[in-house]
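Below you'll find the structure, written out as structure tokens, and then a few comments.
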Amino acid sequence: MSGHLRPGGGTRLPGYPFDSRWFVHDGLRRHYLDEGDPAGAPVLMLHGNPSWSYLWRRLILALRGEHRCVAPDHLGMGLSDKPAQDRYPFTLASRVDDLDALTDHLIAERAAPERGWTLVVHDWGGPIGLAWAARHPGRVARLVVLNSAAFPNPHGPRVRPALRLPFWLLRETRLGERLFLRHHAFARLATLPPFGVRGRLPGEVRAAFLAPDDGHGHRVAVRRFVQDIPLGPADPSWPLLLRAEEGLGAFANRPVLIGWGLRDPVFDPVMLREWRHRLPRAQVHVYPRAGHYVLEDAHDRLVPAITAFLGR
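In my numbering, the protein residues as written are 1 to 312.
Quick look at the structure:
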């Protein structure tokens with residue numbers, strides 16, 4: 001399948017000239033990219049909600065000359081299968097298990113090394129990736145963090161006042177369900193200023209971010225990510241979030257780069273301060289006019305910074 005086309009449709013994906021790869025586990029097909037030098041040090045890029053591997057297109061193009069770039073689409077998102085809720089649990093634990101299965105496959109069947117990986121995370125990629133890294137403490141050599149978290153919310157267990165109403169609406173109510181499943185409002189807003197980006201995306205780029213939406217199946221995954229956010233010990237994913245937090249200690253003396261858009265309404269400067277506290281030796285690049293999708297708003301500075309960081 002050409003990376004330029006949406007399966008079953010003609011939507012172009014600008015800047016995404018990649019060969020799709022597929023991995024079947026437990027009867028479900030995961031889509032991923034595996035670009036660049038097969039013998040190069042692997043760079044594993046994990047997207048969050050509601051994005052997909054299209055987020056990484058510029059970074060892959062910059063790195064694939066010397067690195068092996070792996071970028072999966074989480075189940076229910078991107079070009080991966082979109083199972084119903086009775087077929088797949090859509091939990092943090094299931095996401096980490098998926099990543100384990102894929103990386104084990106790459107190591108056993110596609111000659112990827114067991115060590116020397118760089119982990120690049122954004123949004124939900126943080127808890128997924130760091131919980132996975134905690135299972136394999138010697139596998140990840142370097143870490144790149146972009147507007148994400150892998151620890152309990154430093155604001156405390158209660159949602160901040162400015163976010164309380166929309167969070168409750170989207171997570172708990174029938175109206176929120178309609179907004180997710182019928183109108184795909186969360187993903188659409190994430191591609192508009194001032195929510196996910198601060199600068200307006202070109203129309204074809206915004207369309208590409210939304211292209212994998214095939215209706216109800218894709219939208220279930222987007223909503224389940226929101227419902228699975230662990231706010232406290234009563235939430236099912238809380239223990240695994242703590243495991244991800246514990247795993248951060250392994251990176252205290254490893255190379256870390258943090259790239260942060262300061263205009264993110266969720267992953268705000270308090271979140272960044274928490275990362276600095278936990279990883280005080282990290283190289284930090286702050287972009288005051290960039291939002292949540294920092295790789296869209298600040299790609300002209302952030303992609304070269306990551307490239308230089310990995311070239312050291």
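Built from N, CA and C at the ideal position, the CB exists for glycine as well.
Just how far apart, CA to CA, sit residue i and residue j?
i    : j    : result
D264 : S51  : 15 Å
S2   : R12  : With a pLDDT of only 34 at S2, under the threshold of 50, the placement of this residue in the model should not be trusted; the figure read from the coordinates follows. The alpha-carbon atoms of S2 and R12 are separated by roughly 10 Å.
S20  : L248 : 31 Å
A101 : D81  : 16 Å
L99  : R289 : 33 Å
V120 : A133 : 11 Å
L143 : H277 : 16 Å
I128 : M271 : 17 Å
R95  : W275 : 23 Å
P152 : L231 : 7 Å
H4   : R64  : Bear in mind that the predicted position of H4 carries a pLDDT of just 39, short of 50, making it too unreliable to give a figure here.
A298 : L310 : 18 Å
D214 : A252 : 42 Å
A207 : R87  : 28 Å
S148 : H155 : 14 Å
Pick out whichever of the options has its Cα sitting closest to the Cα of residue i.
i    : options                   : result
P157 : A234, V294, G203 and C69  : A234
G259 : I306, Q227, F251 and E274 : I306
A71  : G48, G291, F90 and P89    : G48
L279 : A250, F186, L262 and G291 : A250
A282 : L295, L257, M271 and V303 : L257
A185 : H218, G291 and Y16        : H218
P137 : D97, E114, Y32 and R95    : E114
T173 : Q85, R223 and A252        : R223
F209 : D26, A187, P304 and G126  : A187
R30  : W117, D300, L106 and A141 : L106
R139 : A150, W124 and G116       : G116
P14  : L55, V24, G126 and A150   : L55
Under the assumption that residue i contacts residue j (Cβ atoms under 8 Å), give the Cβ distance between them as a whole number of angstroms.
i    : j    : result
A93  : L240 : 6 Å
P42  : R58  : The Cβ separation is near 18 Å, so there is no contact.
Y293 : G196 : 5 Å
L130 : A244 : 4 Å
D37  : E66  : 6 Å
V284 : L262 : Their Cβ separation, rounded to whole angstroms, is 11 Å, which puts V284 and L262 out of contact at 8 Å.
What's the call for residue i, buried or exposed, on a 16-neighbour Cβ count within 10 Å?
i    : result
V358 : Coverage of the chain is limited to positions 1 through 312, which leaves residue 358 absent and any answer about it impossible.
R273 : exposed
G8   : Interpretation of G8 is limited by its pLDDT of 38, a score under 50 that renders its predicted location unreliable; the figure taken from the coordinates is listed afterwards. Exposed, by the Cβ-count rule.
R254 : exposed
A111 : exposed
L79  : buried
W22  : exposed
G76  : buried
P17  : exposed
D26  : exposed
Using 7 Å as the cut-off, classify the Cβ of residue i as near or not near the heavy atoms of the ligand ZN, replying yes or no.
i   : result
S53 : Only the bare structure without any ligand can be found here, which leaves the ligand ZN out of the picture.
In the DSSP output, what is residue i paired with across the bridge?
i    : result
T118 : V43 and R142
H285 : G259
H299 : According to DSSP, H299 bridges with nothing at all.
H31  : W22
V70  : D34 and L44
D394 : No answer is possible for residue 394: the residues shown for the chain start at 1 and end at 312.
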